[in-house]
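Under my numbering, think of the first position of the sequence shown as 128, with each following residue one higher.
This report refers to the structure that appears directly beneath it.
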Amino acid sequence: MSLQGPSRLWIKAAVLASAAFVFVLAAHAQYPGQIAKPETDAPDLRAVAVFEWTGDEAHPKAARLVPVCIYDGQDLNDAGIYLTHPEPLALESDVEYQLQQDGNPVGLFDIDTSAREQGGWVGYGKWRALPRAKAAPKQVAKIDAEDDAQSDVPILHRKHHADDSGGSGGSGSGSGSNSGSSSGGSAPDPDRPTLHKGGDTSSTSSGTNSGSSGQAGAGSGSDSSGDSNAPPSDPDRPVLHRTDDTASSGNGSGGDSGRPKLKKKSKDDDVGYVEDVASAGDPNRPHLSYGKFAGYGMPVVPTLFGLPQDMQQTVAVSDAIDHPAHPWNYIWPNPGDEDKMQSAMEDAARTALGLNPPPAPKQTSRTAATHRAAKPAAPSSGLAPAPLLDEKFRVFELAYGSGATMVISAHTVDAGANEKFVTLIAQPDLYGGVNVLVKNVTDTAHLDDIPRMRLVDAVEAEKDNRGELLFELRGTTERQFALYRVLRGDATRIFLSGPESTAAAVAH
């Protein structure tokens, strides 16, 4: 039966559809989905944080780490919210931070846990000391005590020639035979192994034979030939030697300096060494911890809450690549320049706080001058400058050859709402004075509007061999962290973290 035209077309369409379906199945089995190529240009991150603690830094009573910023190669990101899952990337477990003071590493801090404290993320962990660099072992020359003691004694040595086969004139036959065996060779090596005959010939019999050989020249020959009936020597048979045996050493010293010695065992060399039952440690023995929770194997770390008055701060940096230390301290070319600049900065701080009286206006009139002369002199003319409490003066070299960058902070003696705070960033000018770049002046009543700038330290945030000044902006109820870059006579704020709530009782 022949197929009509429409039927034949329908069969062709069915065959093509089946082939296409098989092709799609094969393609789906071969390529399950889009293959993601591994990123070879992943950013090299660098995190900056502030380590806060109370007590001793090596053994803090309470401590925490506050993340500040993360540099991803292009921008500075807020480390408190960067890649949170649920904790931010900067506070993931086992992240290690290097603690720095003035650019020099002073310790390590390993993150164990993290938590939200008063609206911001903080990390808790353990402080560790820097690992000590292993010094290369010193190559010390080996000195023989006996040879060194006799090194000052003059010794006569006979000159040996290559063709010297026997004694010449006055030498006996015995001496000629002895020298003939070593003619043309070097001195015997005391460390060279020697073979000793086994059998019944011990050190005692050899001493007897050597003693009898001194009586007649033929005695030694008969003794050596008399051992022809003895069994062959066994090289593996142990032989006992006396400690004062000099026949095998080849020299007259009392012992072999190259002979190995057994090291005395100490309790530090063996982990199984036990003095008594009380000092023996059992790793499986349970221990009681009073007041500590050890559930889920999490280490108990001291936590720091609020802003206590004795809290200290230092910079913490986390980077996958170890960079060489870059100290930020500035070295003055003249020792007296530092005192001069500090006095100028203190005077600028007093002026900003209003502690220095304004200069009196110049009087050009003679009548006014006479009237002024009749008044008594101002009592403040001979008084000492107004004191600055909690003064901190730091000088940095934020880049190689960039000059001095000075920071001073202090507050007045007034208490309550009248207490004023000042922070200045300045550089020396060409005339020996100070050029103030940033001036921060506030008081207790206006800390929420103008927070107080508290210097933490200088830190390299963008891995460009240039340091930035890290400040804490502390208000009454919130605080933030800011980075300032000083470049070409100008100070610019390049980063500001998110606000973080503070405790109700804030210590300024």
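The C-beta atom is built at its ideal place from N, Cα and C for all residues, glycine as well.
All values derive from a computational prediction rather than experimental measurement.
- prompt: Which term fits R615, buried or exposed, when burial requires 16 or more other beta carbons within 10 angstroms of its beta carbon?
  reply: Exposed is the call here.
query: For H573, which of helix, strand or coil comes out of DSSP?
result: When secondary structure is reduced to three states using DSSP, H573 falls in the helix class.
message: Could you give the first and the last residue of the continuous alpha helix (DSSP H) run that contains A475?
response: Unbroken alpha helix (DSSP H) run through A475: 462-480.
- prompt: Can you tell me the Cα-Cα spacing of L389 and P362, whole angstroms?
  reply: Confidence is the limiting factor: at L389 the pLDDT is only 35, short of 50, which leaves the residue's position unreliable, though a coordinate-based value still follows. Between the alpha carbons of L389 and P362 lies a distance of about 25 Å.
field: Y224 - containing beta strand (DSSP E), residue span
entry: Element bounds for Y224: 223-228.
query: From D202, A476, N567, pick the residue whose C-alpha is nearest to that of E589; which is it?
result: Selected option, being the one with the closest Cα: D202.
message: Between the alpha carbons of L226 and V442, how many angstroms are there, rounded?
response: Cα to Cα, the separation comes out at about 6 Å.
query: How long is the line joining the alpha carbons of E524 and G530, rounded to whole angstroms?
result: Whole-angstrom Cα-Cα distance: 6 Å.
- prompt: In angstroms, rounded to a whole number, what distance separates the CA positions of K188 and P484?
  reply: Linking K188 to P484 through their CA atoms gives a straight-line distance of about 45 Å.
- request: Could you have a look at A544 and say whether DSSP puts it in helix, strand or coil?
  value: Three-state DSSP puts A544 in a helix.
- prompt: Which residues mark the beginning and the end of the beta strand (DSSP E) in which A217 is found?
  reply: In the DSSP assignment, A217 falls outside any beta strand (DSSP E), carrying neither H nor E.
- prompt: K467 to K253, Cα distance in whole Å?
  reply: Taking the CA atoms as reference points, K467 sits about 42 Å from K253.
- request: Note down the Cα distance separating L192 from R579, rounded to an integer number of angstroms.
  value: L192 and R579: Cα-Cα distance of roughly 21 Å.
Sheet register partners of K519 (DSSP bridge): Answer is S536.
Neighbourhood of N567 by C-beta, 8 Å cutoff - its chain only, sequence neighbours within 5 removed: Closer than 8 Å at the Cβ level, and outside the excluded window around N567, lie F548, V549, T550, L551, I577, R579, M580.
message: So, does the region 509-518 touch the region 475-483, judging by three or more C-beta pairs under 8 Å?
response: Remark: three or more beta-carbon pairs, one from each stretch, lie closer than 8 Å, so the region 509-518 and the region 475-483 are flagged as touching.
message: Quick check on DSSP: helix, strand or coil for Y719?
response: The first residue shown for the chain is 128 and the last is 635, placing residue 719 beyond what the model contains.
- prompt: Tell me which same chain residues have a C-beta within less than 8 Å of the C-beta of D570, skipping the five on either side of it?
  reply: Excluding sequence neighbours, D570 sits near A544, N545, E546, K547, F548.
- request: State the DSSP-derived secondary structure class of G616, mapped to helix, strand or coil.
  value: G616: coil per DSSP, three-state reduction.
field: Stretch-stretch touch, CB-based, cutoff 8 Å, three pairs: the region 243-251 with the region 453-468
entry: The region 243-251 and the region 453-468 do not touch, with fewer than 3 CB-CB distances between them shorter than 8 Å.
task: Inspect the beta-carbon positions of V222 and I208 and report whether they are closer than 8 Å.
output: For V222 and I208, no; Cβs fall outside 8 Å.
query: Looking only at its own chain, which residues have a Cβ that is under 7 Å from the Cβ of P454, when we skip the five neighbours before and after it?
result: So the list reads D229, G230, N231, once near-sequence residues are dropped.
query: With DSSP run on the structure shown, which of helix, strand or coil describes G560?
result: G560: coil per DSSP, three-state reduction.
field: Minimum C-alpha distance to S470 - residue among A526, D446, L434, A553
entry: Ranking the options by Cα distance to S470, first place goes to A553.
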